[in-house]
Each structure stands twice: as C-alpha cells, then as structure tokens.
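In terms of the working numbering, the numbers along the sequence shown are unbroken and rise by one, the last being 649. All C-beta atoms in this analysis are idealised placements derived from N, C-alpha and C, irrespective of residue type, glycine included. Just so you know, these numbers come straight off a predicted model, no measurement behind them. Here is the structure we will look at.
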Amino acid sequence: MSTAAIEAGAAAATASRTFDPYAPPPPAPAWRFLHGIGPLAKIAGPLPAMIALVLVRDLATPAAFLLLGYAVLLVGARLSGWMLSTLLLGVPAFLVLVGFGFALWTDPSRIATDVVALRIGGFVLYGAALEIGFATALRLGAILVLALVGGLTTTGTDLTRALVQQLRVPYRIGYTALAALRFVPRFGRELEVIRAAHRVRGAAQGRGPIAAARRRLGYVVPLLAGAIRHAERVALAMDARAFGAHPQRTERHLVPWRVRDTVFVAGFWAVSVALFAVLHPWG
Numbered sequence: 367m368s369t370a371a372i373e374a375g376a377a378a379a380t381a382s383r384t385f386d387p388y389a390p391p392p393p394a395p396a397w398r399f400l401h402g403i404g405p406l407a408k409i410a411g412p413l414p415a416m417i418a419l420v421l422v423r424d425l426a427t428p429a430a431f432l433l434l435g436y437a438v439l440l441v442g443a444r445l446s447g448w449m450l451s452t453l454l455l456g457v458p459a460f461l462v463l464v465g466f467g468f469a470l471w472t473d474p475s476r477i478a479t480d481v482v483a484l485r486i487g488g489f490v491l492y493g494a495a496l497e498i499g500f501a502t503a504l505r506l507g508a509i510l511v512l513a514l515v516g517g518l519t520t521t522g523t524d525l526t527r528a529l530v531q532q533l534r535v536p537y538r539i540g541y542t543a544l545a546a547l548r549f550v551p552r553f554g555r556e557l558e559v560i561r562a563a564h565r566v567r568g569a570a571q572g573r574g575p576i577a578a579a580r581r582r583l584g585y586v587v588p589l590l591a592g593a594i595r596h597a598e599r600v601a602l603a604m605d606a607r608a609f610g611a612h613p614q615r616t617e618r619h620l621v622p623w624r625v626r627d628t629v630f631v632a633g634f635w636a637v638s639v640a641l642f643a644v645l646h647p648w649g
C-alpha cells in the first residue's frame, strides 16, 4: 500500500471521529492484541478465575494469577506512562500495605503457637498472620489486575454496543445508559466553565476549608440546572428520532464476535484451569 493511500485512510478516520464521537477508535497496532479482542471476550476470559479466586486461601494460586494478569496487560495493552507506573509501583505497594494490614487484624488466638516473625516490645506478629494477610492481599490484587485486562482496553461505548448486539440487551436500556455515561465528561467541562465564571465575578473568595466548601456548594445549583437542560435536549432528540418505537435497531457500528475472541476466551480458561490444577491444594 502506498504512503498516499495510508495518509488518506488516516485522514478519513480522523474526519470520521471528528464528526462522529461514537465512532469506534482506529485499530491498534498488531502487537497490542488486546485492543483487537471483543469487549465481552475480555470479560468472559478472566471472569471464572476472578470468581474462583474468592474461594482460595493459599499464596501460590493468587500470585500466579497476578503474574498472569500482568503478563497479559504488559504484552497486549497500550498503557500510558502513568498507568504503567501505577501497575509496576502502585499495585505492589498497595499489596504490601494491605498484606501487613490484614496480618495485624488477624486474631492472635488462631495462630498463637506459630513462629514469631516480628516482636516490638509487647507486640508480636506471627508468621501465620503474615501468610493470611498476604494471601488476602494477593487475592485482591489478582482480581483487580484481571479486571483491568478488559477495563483498560475497552470503552464504555464499545461495551454497550457489544451487550446490545451480542447479549441482546434491549437497546432502549443500553443506549439510554450510554447517553447517561456521556453526561460525565460534559459535567467536567461545565464545572470548569462555572468555576471560571465564579472567579471572574469574585464569588466565594477566601481561603481555608470553609471557603472551599462554600465554593463547592455554589457549583451545585448551576450544575443541576445544566444537567436538567441537557437531559431535556437528549430526551427531545431521542423522541424526534423515534427511539424505542421499534423492537429492533439498525446498528451503524457492528461489534461481531470473531474467531480471535473464541481463541482468547478458550485460551484464558485453559490456562486458568491448569494453574488451579497445579497450584491450588484441593485436598
């Protein structure tokens, strides 16, 4: 393919997204495979493992699934620098803090005969308490990272389309929820406008927590009024387009279930079963 054709295709995609904010994003590079997997497949693959992790109590099984989630994300997802640092630094720090926290809350009467891991004056922390605490922290971390497999690589728009087209969720419910989801960024923009207007008018000047609380209370009424106006416009637009008048809706952007989705789900399930079979002490 020539360079001119590639540039023309990129320009057409940019123009499409300029005039259609609901258009799907351009395809990700081939080596970031998660962005080419369907939204429901990225949920269905890790979901059984996330449910089963609630029932385990050992250290090895959640640690293995935590590493599996990290491997899938680092290899298959496009991550910003902030998200990458959060995964590599923030999540481990969170696990350490949560692990020690749960260890401190463990009932000493359950493990009073175990080996002492830490003694400070009259305070004693036993090895079994640390094992219980870090097993709990690893379970939470593994479930979180597995949830991020779909959460970091799927937009709310694509997920709604997949639910409507593949799971047959009534489009009246799905696209109404999508319209409500679009309120969130709009509220952020309106809040910035309201803050700028208050600063220009000199409203709620002062420093300290009381002045800050007064300023925030002053934002409530304008935000509520803007939300009502926007909801009314959306309702009128949906009514003018006969939204909900017919049992089916013609989709502009299709989200098909592909072979790659089946392969991803089957592969994730197979790896999950193998990890549980090898690591978890079923006896």
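Pair within 8 angstroms by beta-carbon distance, residue i and residue j
{"i": "L518", "j": "M449", "result": "yes"}
{"i": "R527", "j": "H619", "result": "yes"}
{"i": "G465", "j": "G499", "result": "yes"}
{"i": "P405", "j": "G584", "result": "no"}
{"i": "L413", "j": "I509", "result": "no"}
{"i": "A545", "j": "V457", "result": "no"}
{"i": "R505", "j": "P428", "result": "yes"}
{"i": "D605", "j": "I403", "result": "no"}
Among the options, the one whose alpha carbon lies nearest that of residue i
{"i": "R615", "options": "Y537, I409, A501", "result": "Y537"}
{"i": "F399", "options": "A443, L406, V420, A415", "result": "A443"}
{"i": "G592", "options": "E556, L453, L440", "result": "E556"}
{"i": "R534", "options": "P622, L510, T521", "result": "P622"}
{"i": "L590", "options": "L463, R552, T452", "result": "R552"}
{"i": "T472", "options": "L463, L491, L455, V481", "result": "L491"}
{"i": "A503", "options": "M604, W635, V422, A407", "result": "V422"}
{"i": "A407", "options": "A608, A578, T452, T520", "result": "T520"}
{"i": "A653", "options": "V481, L445, I576, T542", "result": "Absent from the model: residue 653. The displayed extent of the chain is 367 to 649, so no value can be given."}
Contact set for residue i: own chain, Cβ-Cβ below 6 angstroms, skip 5 residues either direction
{"i": "V530", "result": "Y537, G540"}
{"i": "F642", "result": "none"}
{"i": "V655", "result": "With the chain covering 367 to 649 only, the question about residue 655 has no answer from this structure."}
{"i": "I672", "result": "Because the chain in this structure spans residues 367 to 649, residue 672 falls outside the shown range and cannot be described."}
{"i": "P395", "result": "With a pLDDT of only 47 at P395, under the threshold of 50, the placement of this residue in the model should not be trusted, and no figure is reported."}
{"i": "V550", "result": "none"}
{"i": "L453", "result": "none"}
Cβ-Cβ separation, residue j to residue i (assumed contact under 8 angstroms), whole Å
{"i": "L461", "j": "G507", "result": "5 angstroms"}
{"i": "G411", "j": "F630", "result": "6 angstroms"}
{"i": "H596", "j": "R581", "result": "About 23 angstroms separates the two Cβ atoms, so there is no contact after all."}
Close Cβ partners of residue i (< 8 angstroms) along its chain, the five nearest in sequence each way excluded
{"i": "D424", "result": "A501, L645, H646, P647"}
{"i": "V625", "result": "none"}
{"i": "A640", "result": "none"}
Contact with chain C by residue i, beta-carbon distance below 8 angstroms
{"i": "L400", "result": "No chain C appears in the structure shown, which is made up of a single protein chain."}
Contacting residues, own chain, Cβ-Cβ under 7 angstroms from residue i (five flanking each side not counted)
{"i": "A415", "result": "F431, L512, S638"}
{"i": "A426", "result": "L645"}
{"i": "F634", "result": "G411, P412"}
{"i": "P588", "result": "I560"}
{"i": "A632", "result": "none"}
What are the start and end residues of each continuous alpha helix (DSSP H) run of 4 or more residues lying completely inside the region 553 to 628, in chain order? 575 to 606
List in chain order: all unbroken beta strand (DSSP E) runs of 3+ residues lying wholly within the region 401 to 429. none
May I have a chain-ordered list of the alpha helix (DSSP H) segments no shorter than 4 residues that lie completely inside the region 440 to 526? 447 to 451, 457 to 471, 493 to 517
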